[in-house]
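**Student:** Below you will find the structure I want to go over with you.
In C-alpha cells:
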C-alpha cells in the first residue's frame, strides 16, 4: 500500500492488485460539495453535503483514463465522453455504459472505497 499526501490534510491510499477493485481513501472535507476529486484510479464525488460516491476513472468507451473533472461532470479526453457523477451515467458519447461504481464508507472524517 502506498500513502500519498499533498502537505494538506489530504490523505489518499491506493492498492492495486491483479483482479481486485482499487482501494482508496480521502479526508471527507477534501471532497467539495457539488464536486469531485480524482485519487489514483478512483473519482470521489459529493453530490450533496454528506452524500459520497466513488466511481472508476476508466471510461466505458475504450477503457481510457478519465482525466478531467469539473463540478459533477467527468470527462475522458481521449474521445470526449462525459459522465454525470451523481449516478455515473454518460451524458455525452461515444460512451454508452455507466461508470463502474464502488461502495463507500464514511466514518465522519474519512471516505473509503469498499467492495461493491
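Residue numbers (this note's numbering): 384 to 499.
All C-beta atoms in this analysis are idealised placements derived from N, C-alpha and C, irrespective of residue type, glycine included.
Looking at the structure shown, is residue 484 part of a helix, part of a strand, or coil, going by DSSP?
**Tutor:** Counting from one through the chain shown, the residue named residue 484 turns up at place 101. Residue 484 falls in the strand class under three-state DSSP.
**Student:** With 16 other CB atoms within 10 Å as the buried threshold, where does residue 406 fall?
**Tutor:** In the chain shown, residue 406 corresponds to position 23, counting from 1. Buried, by the Cβ-count rule.
**Student:** Could you give the distance in angstroms between the alpha-carbon of residue 420 and the alpha-carbon of residue 477?
**Tutor:** As a first step, residue 420 must be located in the chain shown, where it is residue number 37. As a first step, residue 477 must be located in the chain shown, where it is residue number 94. Cα to Cα, the separation comes out at about 23 Å.
**Student:** Could you tell me which residues DSSP pairs with residue 436 in its beta bridges?
**Tutor:** Stepping through the chain shown from its first residue, residue 436 is reached at position 53. Note: residue 436 sits in a beta bridge opposite 428.
**Student:** Take residue 485 as the anchor and find which of 418, 425, 412, 413 has the nearest alpha-carbon.
**Tutor:** Here residue 485 refers to the residue found at position 102 when the chain shown is read from its first residue. Looking at the Cα atoms, 425 is the closest of the given residues.
**Student:** The ligand ATP and residue 411: does the residue's C-beta get closer than 8 Å to at least one heavy atom of that ligand?
**Tutor:** This structure lacks the ligand ATP; in fact it carries no ligand of any kind.
**Student:** Would residue 487 be called buried (16 or more neighbouring beta carbons within 10 Å of its own) or exposed?
**Tutor:** The count along the chain shown starts at 1 and reaches residue 487 at position 104. Result: buried.
**Student:** Suppose the cutoff is 6 Å on Cβ atoms and the five residues either side in sequence are ignored; what does the same chain contact list for residue 432 look like?
**Tutor:** In the chain shown, residue 432 corresponds to position 49, counting from 1. Hits under 6 Å: 416.
**Student:** What residue does the beta strand (DSSP E) around residue 408 start on, and which one ends it?
**Tutor:** Counted from its first residue, the chain shown places residue 408 at position 25. Run containing residue 408: 406-410, per the beta strand (DSSP E) assignment.
**Student:** Could you tell me the alpha carbon to alpha carbon distance between residue 410 and residue 460, rounded to whole angstroms?
**Tutor:** Here residue 410 corresponds to residue number 27 of the chain shown, with the count starting at 1. Here residue 460 corresponds to residue number 77 of the chain shown, with the count starting at 1. Each residue's Cα considered, the two are about 27 Å apart.
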